[in-house]
Amino acid sequence: MGTSVIPIGHGKYGGIEKLCYDFVEGLHRLGHQITVAAPRGSRVPEGVKLIETVKLPDYQDRDDITDKKLIPWLVPNIDIDAIHDFSHKHVLKERVFPSIHMVWHPITHYYLFQSNYNAVCLSNWQKERFEKAYVQKAIVMPMCVDTDKYRPVDNPSRERFLFLGKISPEKGVHLAIQYCRELGAGLDVVGGLIPSELNSSYLQSIQKLCEGDNIKLYFNVTEEEKIGFLQNAKAVIYPVQQDEAHWLVGIEAWACMTDTYTFDRGAMREICLPRTVAKTEEEFKELMQTEGYYHREQIWAHGQQYNLGVVLPKYLELYKLVAEGKRW
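Counting in this note's numbering, the sequence shown runs from 2 upward without gaps.
Here's what the structure looks like:
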C-alpha cells in the first residue's frame, strides 16, 4: 500500500494518541508507507514520516492551520491510497480525498464537525445513535491494542484495584476512591494530565481523597509503568458517569488477563464480559468483593478480538476499498 496520512494528537499515553501510535507502528511493521500529521513535538515510530501541524495547547482547535500545513503536501502526492482521520473535528472533512473518519464522541450532544461521508464508529451502540442523530450511514470497526506490549506476566501481585484514565468527574474517579474506602481495599489512581487541568478544583479534591497509605495517586506515568499497573492490578474499576462509545483501558486490561468492573453506560454492556457490568452502586461493590466470575484465560481470550494482528487486516481491506472509490 502507498501512503496513508493519519492526523493524530499528542500525549504521553492518552487514549487516542496511544491507539494511533500502536496502529501506525503495526502498519509500518507490515511494510506500509505511513505519513503521520500531528501537533508539534509528537513522537512517531522510527521510519515513519511526520508532518508537524499545530502548537499545543495554544492552537489545539485551529483546524485551519492544520489544513494549510497538510494540503500543500497532500495535493502533489497522488499515490496516497487512504487517509485515516483520527481527529475529533475531522480536519479533512471538506476535502475530497480517499479517507475514512473516526467518530469518537458518544453522541450525547449534537456535534457539528462530523464528515458527511465514510464515518467509522467504534461500537454498534455508537453507530445506532450516530445514524439516528445525523441521518447518515456509518460502519463499525474495532479499536485495538498491541498485545506484544500488553500481555500477562508470571506471578502478578493482584493486591490492589486500579483506576486508569483521565481525572475528571465524568470518569468517576471519586467513586472509585469512595468504594475502595468503604471496602477497605487498596487503590492506585493513575491519571494523565494536561497543563490546563493542573489547578482544577476536581483534581485538588482527588488529591485530598488520596491522602493515606491505602489510596495512592500517580500522574503521567511512563508507558512501561502503566503496563505494570495493568498487569498487577486485582481489577481495573471504572465507575464511569457518562455514556461512552468504547473503552481502550478495558481492552488493555483484558490483554493483561486483568478483570474490569464498570457501570452499564453507553457501549459497556456490548464490549465487556457480561458479568462485569453493574447497574447500581451496590452491584458494583459486590463485583469488587468477588474473586471474579471469569477465569483469567477467559478474560484474555475475550480481549484477543481487539488484538492488533486481528484488527489491522480488517482496516487494510477497508483502506483498499476506499482507495478504489468506496463511499458510504
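Here a beta-carbon is modelled for each residue, glycine too, at the ideal position from N, C-alpha and C.
Since the structure is predicted, the reported quantities are computational estimates derived from the model, not experimental observations.
Beta-carbon to beta-carbon, residue 141 and residue 124 are separated by about 6 Å, close enough to satisfy the 8 Å threshold. Following the DSSP letters along the chain, one finds residue 70 inside the alpha helix (DSSP H) bounded by residues 64 to 75. With contacts defined as CB atoms closer than 8 Å, residue 150 and residue 190 fail to qualify as a contacting pair. Looking at the DSSP output, residue 262 shares a beta bridge with 238. Close CB contacts of residue 152 within its chain, under the 7 Å cut and outside five residues either way in sequence, are with 256 and 257 (chain order). When DSSP reads this structure, residue 24 sits in no beta bridge, so it has no partner.
As for any alpha helix (DSSP H) of minimum length 4 sitting wholly inside the stretch 28 to 67, there is none. Selection 60, 59 and 99 evaluated against residue 75 yields 99 as nearest (Cα-Cα). When the Cα atoms are used, residue 249 and residue 145 turn out to be separated by approximately 8 Å. In the structure shown, the three-state DSSP call for residue 142 is coil. Pairing residue 234 with residue 240, the inter-Cα distance amounts to about 16 Å. Fewer than three pairs of CB atoms, one per stretch, sit closer than 8 Å, so the stretch 271 to 283 makes no contact with the stretch 164 to 174. As the crow flies, the alpha-carbon of residue 20 is around 19 Å from that of residue 61. Taking C-beta atoms under 8 Å as the contact rule, residue 187 and residue 166 fail to qualify, at a distance of about 18 Å. Burial of residue 85 is indicated by the presence of at least 16 other C-beta atoms within 10 angstroms of its C-beta. When rounded, the separation of the alpha-carbon atoms in residue 118 and residue 243 is 27 Å.
Per DSSP, the beta-bridge partners of residue 192 are 220.
The Cβ-Cβ distance between residue 46 and residue 56 does not fall below 8 Å.
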